[in-house]
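What follows is a set of notes on a single structure, which appears directly below.
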Amino acid sequence: MKMEREAYWNRVADELEEAAGRNDYRRLYRTIRRLSGKTRGTDDNIRKANGTFARSAAERLERWKEFFSELYNHESPQGPPPEPLSIQTPQNAFLDGEPNIDEIRKAVRSLKNGKSPGVDNITAEAIKAGGEVLLRRLHSLIS
Numbered sequence: 001m002k003m004e005r006e007a008y009w010n011r012v013a014d015e016l017e018e019a020a021g022r023n024d025y026r027r028l029y030r031t032i033r034r035l036s037g038k039t040r041g042t043d044d045n046i047r048k049a050n051g052t053f054a055r056s057a058a059e060r061l062e063r064w065k066e067f068f069s070e071l072y073n074h075e076s077p078q079g080p081p082p083e084p085l086s087i088q089t090p091q092n093a094f095l096d097g098e099p100n101i102d103e104i105r106k107a108v109r110s111l112k113n114g115k116s117p118g119v120d121n122i123t124a125e126a127i128k129a130g131g132e133v134l135l136r137r138l139h140s141l142i143s
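Just so it is clear: in the sequence shown, position 130 is 130 by UniProt numbering, and no numbers are missing.
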């Protein structure tokens, strides 16, 4: 009996080493969970509408049927639909104004080099290399 148990644990150890060597972490952790003896139990405590627990499978199924019937089979509201709420956007003077050339210069300087270009395929390095001419063009484009 002792030799059989030792042979079993040797097989398990070999299986764990093999899984770790192949970076098969799913198999590794599944085996460890199985060996730990801890199982995740399911919670089948389902309360009936009267507050008692449903004991049998038939009672549980009946309770699920009641639950989803109440959830999805409700009467539609009668009458005209409610008026939509009007949303007023707050006024922000900082956001309403156009950026000046210094703000654009600061934004261009803050661009990070080496990043991938956007949908326009223009890199940050190309924008920075554009100098004052490009800054004035960007300002006229934005304004």
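Idealized CB from N, CA, C, for every residue including glycine.
From residue i to residue j, what distance separates their C-alpha atoms?
i, j, result
"residue 51", "residue 34", "36 Å"
"residue 97", "residue 107", "16 Å"
"residue 31", "residue 23", "14 Å"
"residue 6", "residue 13", "10 Å"
"residue 56", "residue 63", "11 Å"
"residue 131", "residue 89", "37 Å"
"residue 75", "residue 82", "17 Å"
"residue 46", "residue 60", "7 Å"
"residue 78", "residue 66", "24 Å"
"residue 68", "residue 25", "39 Å"
"residue 143", "residue 99", "7 Å"
"residue 44", "residue 29", "26 Å"
"residue 38", "residue 8", "19 Å"
Run through DSSP, which three-state label would residue i get?
i, result
"residue 47", "strand"
So, under 8 Å CB-CB, residue i and residue j are touching, yes? Tell me the CB distance rounded to an integer number of Å.
i, j, result
"residue 27", "residue 19", "4 Å"
"residue 135", "residue 87", "That pair is no contact at about 36 Å."
"residue 127", "residue 111", "6 Å"
"residue 115", "residue 129", "Incorrect: roughly 15 Å between the Cβ atoms, too far for contact."
"residue 138", "residue 104", "5 Å"
Could you tell me whether any non-hydrogen atom of the ligand NAP is closer than 7 Å to the CB of residue i?
i, result
"residue 15", "This structure simply doesn't include the ligand NAP, nor any ligand for that matter."
4-residue-minimum alpha helix (DSSP H) runs that sit fully inside the region 15 to 39, ordered along the chain: Counting only runs of 4 or more, we get 25 to 36.
Secondary structure, alpha helix (DSSP H): runs of 4+ residues fully inside the region 90 to 135: 93 to 96, 101 to 109, 124 to 129, all fully within the region 90 to 135.
At which residue ranges does the UniProt region "Disordered" (72 to 91) contain complete alpha helix (DSSP H) runs of 4 or more residues, listed in the order of the chain? Fully enclosed alpha helix (DSSP H) runs of 4 or longer: not present.
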